[in-house]
Amino acid sequence: MKTQVPKFVKWAGGKTQLIEQLSPLFPRKFNGYLEPFVGSGAVFFYIIQKFNLSEAIISDINEELINTYQVIKEDVERLITELKQHKEYHIVEGSKYYLTIRATNPNELPLLERAARFIYLNKTCFNGLYRVNSKGQFNVPMGSYKNPDIIQEEKLRFISKLLQPVTIKVMSFEKVFDLAKEEDFIYLDPPYYPLLKGKSFTTYTKDNFLEEEQKLLAEVFKKLNKKGCLVMESNSDTDFIRDLYSEFKISVVKAKRMINCDGSKRGEINELVITNY
29 MKTQVPKFVK
39 WAGGKTQLIE
49 QLSPLFPRKF
59 NGYLEPFVGS
69 GAVFFYIIQK
79 FNLSEAIISD
89 INEELINTYQ
99 VIKEDVERLI
109 TELKQHKEYH
119 IVEGSKYYLT
129 IRATNPNELP
139 LLERAARFIY
149 LNKTCFNGLY
159 RVNSKGQFNV
169 PMGSYKNPDI
179 IQEEKLRFIS
189 KLLQPVTIKV
199 MSFEKVFDLA
209 KEEDFIYLDP
219 PYYPLLKGKS
229 FTTYTKDNFL
239 EEEQKLLAEV
249 FKKLNKKGCL
259 VMESNSDTDF
269 IRDLYSEFKI
279 SVVKAKRMIN
289 CDGSKRGEIN
299 ELVITNY
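Numbered according to the working numbering, the sequence shown spans residues 29 to 305.
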């Protein structure tokens, strides 16, 4: 039976389309699971259904995303009610309503409304991009969808059940070392190193992920390796990344760019999968 990989948000670099290529590269046996760049959670949702985990910790530096995971876990029925209201107003008012919600400061909202706003904007914005400016303000225009899938009741309930035993944190990736134990599996899916200088899509938060962050991530990978953890990372197929991880096993998978402003460039590209096992 094929494992269901529920997807509640569109996310640049999401791994839903790559699960069949990635799953043979997962370790066959491990204890806990940690994912510090969880994003839309495709790998996590696959892992938690396929493996008997001693514990699972998912995290991300994106506060909006992590709050949404927490609300889905703890208050999914009220979240669904909030999303129904968003859908009703969106049908009537369209772009006027979208711009009103986009302009709302999420820090001033209760956590439940904040999560509903995040999902609503993700489902109605252009191409499902999550992009913020230097002030941390969401700045993506509205997309042209006739009937955006804003609510997804059953999917959200299913995700809520999967999240019940899971620890969810707002956390920078380097702190994963302190939480990981020997024989744990850590999957790293950072913002990718750009194939072309200046072409990276890294604005998931107002803090960019550049060469220095990639080097720090490689150091964390090596420290986890020495700790006896099983580590896997996805990244771009560039000489810079290959050099950083030259001492480890490097595999190649084929990926399609699913979120791109230029439709003519949604071609197939190579991505690297680095493992220490």
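Note that CB positions come from ideal geometry on N, CA and C, so glycine has one too.
Nothing here was measured: the structure is a model prediction, and the numbers come from that model.
Ala-283: member of the beta strand (DSSP E) spanning 277-284, first to last residue. If you draw a straight line from the Cα of Thr-303 to the Cα of Glu-261, it comes to about 7 Å. Excluding the 5 residues flanking it on each side, Lys-282 has same chain C-beta neighbours closer than 6 Å at Glu-296, in chain order. Distance between Lys-151 and Ala-246, taken at the CA atoms: about 34 Å.
For Tyr-215, DSSP records a beta bridge to Met-260. One Cα belongs to Phe-154, the other to Lys-254, and the distance between them is close to 43 Å. About 6 Å separates the beta carbon of Tyr-221 from that of Asn-263, a gap short enough to meet the 8 Å contact definition. Here Pro-219 is buried: its Cβ has 16 or more other Cβ atoms, across all protein chains shown, within 10 Å. Around the beta carbon of Asn-175, fewer than 16 other beta carbons sit within 10 angstroms, so the residue counts as exposed. Leu-140 is a Cβ neighbour of Val-99, given a cutoff of 7 Å. Beta bridge pairing from DSSP links Ser-87 with Lys-197.
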